[in-house]
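So in UniProt numbering the end of the sequence shown lands on 499, straight run, no missing numbers. The structure appears right after this line, and notes come after that.
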Amino acid sequence: MAMNGSSSSRPSRRQALRVGLTAAALGGVTIAGARFAAAAPVIDPNASYVLVNRHSGRALDVYNLATGDGAEIRQWTRNDGAWQQWQFLDSGGGWYRLRSRHSGKVLDVADSSTADGATVVQWTDTNRASQQWRLADSPDGHVRLINRNSGKALDVYNFAPEPGGRVVQWPDLGGANQQWQLVRLGSGTFSNPVKRNGPDPWLQYHNGYYYLATTTWNSTITMRRSRTLAGLASATDTTVFDLSGRPNGCCNMWAPEFHLLDGPNGRRWYLYYVAGQNVPDYNPTQRLHVLESAGTDPMGPYTFRADLDTVWQLDASILTVGGRLYLLGSHMDGYQSVCITPLSNPWTLSGSRRTISAPTLAWEQQTGAVNEGAEPLYRNGRTMIVYSASACWGPDYKLGLLTLTGTDPLNRSHWTKHPNPVFQRDDAGSVFAPGHNGFFTSPDGTEDWIVYHANDSASGGCDMNRSTRAQRFTWNADGTPNFGIPVPLGVQLTAPSGE
Numbered sequence: 001m002a003m004n005g006s007s008s009s010r011p012s013r014r015q016a017l018r019v020g021l022t023a024a025a026l027g028g029v030t031i032a033g034a035r036f037a038a039a040a041p042v043i044d045p046n047a048s049y050v051l052v053n054r055h056s057g058r059a060l061d062v063y064n065l066a067t068g069d070g071a072e073i074r075q076w077t078r079n080d081g082a083w084q085q086w087q088f089l090d091s092g093g094g095w096y097r098l099r100s101r102h103s104g105k106v107l108d109v110a111d112s113s114t115a116d117g118a119t120v121v122q123w124t125d126t127n128r129a130s131q132q133w134r135l136a137d138s139p140d141g142h143v144r145l146i147n148r149n150s151g152k153a154l155d156v157y158n159f160a161p162e163p164g165g166r167v168v169q170w171p172d173l174g175g176a177n178q179q180w181q182l183v184r185l186g187s188g189t190f191s192n193p194v195k196r197n198g199p200d201p202w203l204q205y206h207n208g209y210y211y212l213a214t215t216t217w218n219s220t221i222t223m224r225r226s227r228t229l230a231g232l233a234s235a236t237d238t239t240v241f242d243l244s245g246r247p248n249g250c251c252n253m254w255a256p257e258f259h260l261l262d263g264p265n266g267r268r269w270y271l272y273y274v275a276g277q278n279v280p281d282y283n284p285t286q287r288l289h290v291l292e293s294a295g296t297d298p299m300g301p302y303t304f305r306a307d308l309d310t311v312w313q314l315d316a317s318i319l320t321v322g323g324r325l326y327l328l329g330s331h332m333d334g335y336q337s338v339c340i341t342p343l344s345n346p347w348t349l350s351g352s353r354r355t356i357s358a359p360t361l362a363w364e365q366q367t368g369a370v371n372e373g374a375e376p377l378y379r380n381g382r383t384m385i386v387y388s389a390s391a392c393w394g395p396d397y398k399l400g401l402l403t404l405t406g407t408d409p410l411n412r413s414h415w416t417k418h419p420n421p422v423f424q425r426d427d428a429g430s431v432f433a434p435g436h437n438g439f440f441t442s443p444d445g446t447e448d449w450i451v452y453h454a455n456d457s458a459s460g461g462c463d464m465n466r467s468t469r470a471q472r473f474t475w476n477a478d479g480t481p482n483f484g485i486p487v488p489l490g491v492q493l494t495a496p497s498g499e
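Dropping the structure here:
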């Protein structure tokens with residue numbers, strides 16, 4: 001096994017003496033074996049912990065948000081991001097592996113070294129001895145983590161106080177730089193709505209923040225962000241682009257979506273939206289457009305990139321099949337239907353638009369015959385599209401499911417429509433017209449979530465009174481999503497895992 005860490009030089013005698021003196025000053029210490037009277041905390045294997053160093057007050061951190069094998073573990077200012085969250089996996093006999101909620105990899109010693117000063121890294125979980133640690137008691141509820149392979153302790157090298165200080169293994173001397181406070185992160189909660197007056201929501205989790213954009217019905221595209229899902233409800237909307245005066249669409253911005261895609265300048269966010277010349281609903285000038293970010297911040301800055309089409313079309317999204325990009329939308333083809341167009345890059349069409357789903361079933365025609373808001377969903381090699389059906393201005397707007405059962409996403413016959421809706425209003429009469437959804441994953445990547453809008457009453461319309469809502473979903477045995485029943489407003493839900 002080759003890792004990117006190497007052993008550090010041994011500290012001077014003065015530094016080694018400082019370790020011993022610090023440990024002795026803590027009280028209740030026997031330097032030989034560094035035994036303490038305090039009891040180590042009881043570990044909850046389902047919880048996430050932040051490990052805070054007693055000397056520096058900084059947290060054990062996956063350096064630079066790395067996800068690869070061999071990435072160094074360092075200390076950093078505590079922020080409770082997923083890269084500072086660790087789950088204790090039981091290896092038996094009092095030994096644990098510490099798995100990063102960010103990368104899914106476990107705490108390891110580079111090259112399974114037994115040397116003093118060997119770098120601590122993350123690595124794929126193999127349950128080898130260098131990945132196993134036991135908790136040794138220290139004063140005031142702190143612990144030392146002792147490596148099974150080397151018998152050495154997890155240590156902030158040379159008592160470094162600053163962010164980025166190296167984390168190594170060192171003989172167990174009990175110094176404050178080897179003591180860690182285990183801060184158990186509580187299971188946060190939230191309740192819907194995530195945003196009032198937030199129709200057509202698009203929500204993504206990226207680099208420690210949730211980002212949410214919704215229809216504004218004016219000439220601005222706005223976005224808000226928060227470290228927690230609950231925090232989105234009170235976060236400030238920031239204008240990321242102003243459409244005022246644009247000849248190709250300025251006045252009624254709908255259905256924004258931002259996707260991180262490869263472009264000529266590397267990975268960039270491409271923000272797709274609908275806009276037309278006039279305010280009235282469903283006017284004939286509505287078109288699809290796309291912006292491009294200057295970097296990898298979802299909030300931009302953005303510049304206008306292209307008009308995507310010259311005909312009426314709504315609800316752009318991006319589908320990827322076999323490494324190729326496709327534009328999903330909704331257009332008029334007898335009925336308002338879901339369509340697909342191949343792309344040569346994130347802003348250029350490279351073929352003809354094709355209809356792949358029309359509102360042919362009775363549950364797709366309530367109040368109005370509509371298929372729109374197509375969103376891709378991938379799992380275990382399966383490609384699916386979840387779309388909105390029936391009229392958004394009625395109470396029975398709902399979600400349907402298409403599955404790619406052939407090989408050509410441009411061929412309508414290669415898509416199979418589920419015969420029944422997969423998400424619709426509840427029988428209790430508290431959630432109406434749930435639809436126009438998106439998908440995101442929890443901060444630790446272990447949970448799947450749906451974001452959608454809905455109305456509070458049967459008389460609610462297709463307007464700005466619709467609110468953004470979110471809830472976790474699971475999977476059926478046949479590989480299809482199980483979205484459950486839309487949860488009423490005000491019900492306390494467990495926050496996404498890893499917050």
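We put the CB at the ideal spot given by N, CA and C, even for glycine. Computed from a prediction, not measured in an experiment: that's the story for all the values here.
8 Å contact criterion, which residue i and residue j should meet: CB distance rounded
{"i": "Leu349", "j": "Thr341", "result": "5 Å"}
{"i": "residue 535", "j": "Leu314", "result": "Look at the range of the chain in this structure, 1 to 499, and you will see that residue 535 is not part of it."}
{"i": "Gly249", "j": "Gln277", "result": "7 Å"}
{"i": "His418", "j": "Thr407", "result": "Rounded, the Cβ-Cβ distance is 20 Å, inconsistent with contact."}
{"i": "Arg466", "j": "Gly460", "result": "7 Å"}
{"i": "Arg379", "j": "Trp475", "result": "7 Å"}
{"i": "Gly373", "j": "Ser388", "result": "4 Å"}
{"i": "Met253", "j": "Asn218", "result": "7 Å"}
Residues that DSSP places opposite residue i in a beta bridge
{"i": "Ser357", "result": "Val338"}
{"i": "Gln75", "result": "Leu60"}
{"i": "Val370", "result": "Gln336"}
{"i": "Leu402", "result": "Ile385 and Lys417"}
{"i": "Asn345", "result": "Thr348"}
{"i": "Leu328", "result": "Ser317 and Ile340"}
{"i": "Val240", "result": "DSSP lists no partner for Val240."}
{"i": "Tyr378", "result": "Thr383"}
{"i": "Leu107", "result": "Gln122"}
Run of the beta strand (DSSP E) containing residue i, from where it starts to where it stops
{"i": "Ile385", "result": "Arg382 to Ala389"}
{"i": "Pro256", "result": "Trp254 to Gly263"}
{"i": "Asp137", "result": "Trp133 to Asp137"}
{"i": "Met223", "result": "Thr220 to Ser226"}
{"i": "Gly92", "result": "Trp86 to Gly92"}
{"i": "Asp478", "result": "No beta strand (DSSP E) contains Asp478, which DSSP labels as neither H nor E."}
{"i": "Asp448", "result": "Asp448 to Asn455"}
{"i": "Asp155", "result": "Ala153 to Val156"}
{"i": "Tyr273", "result": "Gly266 to Ala275"}
{"i": "Val52", "result": "Ser48 to Asn53"}
{"i": "Pro284", "result": "Segment: none, Pro284 is in no beta strand (DSSP E) and carries neither H nor E."}
{"i": "Ile146", "result": "Val143 to Asn147"}
Residue of the options minimising C-alpha distance to residue i
{"i": "Gln87", "options": "Pro346, Met299 and Tyr49", "result": "Tyr49"}
{"i": "Arg305", "options": "Tyr273, Glu372 and Met299", "result": "Tyr273"}
{"i": "Ser150", "options": "Pro163, Val167, Ala136 and Gln131", "result": "Gln131"}
{"i": "Tyr63", "options": "Arg78, Gly175 and Gly57", "result": "Arg78"}
{"i": "Gly322", "options": "Leu404, Phe241, Asp307 and Pro280", "result": "Leu404"}
{"i": "residue 501", "options": "His453, Ala275, Ala316 and Leu288", "result": "Outside the modelled stretch of the chain, which goes from 1 to 499, sits residue 501, for which no answer is possible."}
{"i": "Asn265", "options": "His436, Gln169 and Ser293", "result": "Ser293"}
{"i": "Ser457", "options": "Gly394, Thr239 and Gln122", "result": "Gly394"}
{"i": "Gly498", "options": "Val451, Ser442, Phe483 and Gly490", "result": "Ser442"}
{"i": "Asp125", "options": "Thr119, Ser138, Pro346 and Ser100", "result": "Ser100"}
{"i": "Thr360", "options": "Arg353, Pro346 and Ser337", "result": "Ser337"}
{"i": "Asp172", "options": "Ala136, Gln204, Asp140 and Arg166", "result": "Ala136"}
{"i": "Ala391", "options": "Leu243, Leu65, Tyr282 and Pro376", "result": "Tyr282"}
{"i": "Val370", "options": "Asp140, Gly400, Ala110 and Val167", "result": "Gly400"}
{"i": "Phe483", "options": "Asp444, Phe439, Met464 and Cys462", "result": "Phe439"}
{"i": "Pro346", "options": "Leu325, Trp180 and Leu410", "result": "Leu325"}
{"i": "His331", "options": "Thr296, Gln366, Thr285 and Met299", "result": "Thr285"}
{"i": "Pro481", "options": "Arg148, Pro409, Val422 and Ala115", "result": "Val422"}
Beta carbon proximity, residue i to chain D, threshold 7 Å
{"i": "Phe439", "result": "Looking at the structure shown, chain D is missing, and only one protein chain is on hand."}
Residues near residue i in its chain [Cβ-Cβ closer than 8 Å; skip 5 each side]
{"i": "Asp333", "result": "Cys339, Thr355 and Ala358"}
{"i": "Trp76", "result": "Arg58, Ala59, Asp61, Tyr63, Gln84, Pro163 and Gly164"}
{"i": "Gly429", "result": "Ala458"}
{"i": "Ala495", "result": "Ser187, Gly188, Thr189, Phe190, Thr228, Leu229 and Ala230"}
{"i": "Asn420", "result": "Trp363"}
Cutoff 6 Å; reference residue i; Cβ partners in own chain excluding five residues on either side
{"i": "Ser344", "result": "Ser350"}
{"i": "Gln492", "result": "Thr189 and Ser191"}
{"i": "Arg134", "result": "Gly94, Trp95 and Ile146"}
{"i": "Gln178", "result": "Arg144, Ala153 and Asp155"}
Neighbourhood of residue i by C-beta, 7 Å cutoff - its chain only, sequence neighbours within 5 removed
{"i": "Leu232", "result": "Val194, Lys195, Tyr210, Leu212, Arg224 and Ser226"}
{"i": "Val431", "result": "Arg425, Ala454, Pro486 and Pro488"}
{"i": "Asp307", "result": "Asn248, Arg287 and His289"}
{"i": "residue 540", "result": "No information on residue 540 is available, as it lies outside the stretch 1 to 499 that the chain covers here."}
{"i": "Tyr302", "result": "Val240, Phe241, Leu271, Leu291, Glu292 and Ser293"}
{"i": "residue 586", "result": "Because the chain in this structure spans residues 1 to 499, residue 586 falls outside the shown range and cannot be described."}
Contact test: residue i Cβ vs the ligand PLP heavy atom, cutoff 6 Å
{"i": "Asp262", "result": "Within the structure as shown, the ligand PLP is missing, as the structure has no ligands at all."}
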